[in-house]
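Trainee: Sharing a structure, written as structure tokens. Questions coming.
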Amino acid sequence: MLPASLLRLRQYLLGFRSGDIMRARRTGFAVHRLGVVLMVASHPLAALLG
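Those letters in the sequence shown? Residues 71 to 120, per this note's numbering, in order.
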């Protein structure tokens, strides 16, 4: 989940520091998709390992 957390930080910096709200919003969508993919991929991996 570290990649998603780093992208959330980038989203925050884009939105609040740079004032580029639309790029921050697009980044947010990408972060959400990445988080979902990581969560879905982690379940079968956890089942195989544990």
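Every residue gets a Cβ at the ideal spot worked out from N, C-alpha and C, and that includes glycine.
Over the uninterrupted alpha helix (DSSP H) stretch that includes F99, give me the two end residues.
Mentor: Per DSSP, F99 belongs to the alpha helix (DSSP H) from I91 to L119.
Trainee: Which residue's Cα is closest to the Cα of S75: S112, T97, R87 and G89?
Mentor: Nearest C-alpha to S75: T97.
Trainee: Less than 8 Å between C-beta atoms, sequence neighbours within five positions excluded: which residues of the same chain meet that for V101?
Mentor: Closer than 8 Å at Cβ, skipping near neighbours: A74, L77, R78 and Q81.
Trainee: To the nearest angstrom, report how far apart L62 and F99 are at their CA atoms.
Mentor: Limits of the chain in this structure are 71 at one end and 120 at the other, which puts residue 62 out of reach.
Trainee: Apart from the five residues on each side of it in sequence, which residues of its chain come closer than 7 Å, Cβ to Cβ, to L84?
Mentor: Within the same chain, L84 has close Cβ partners D90, R93, A94 and T97.
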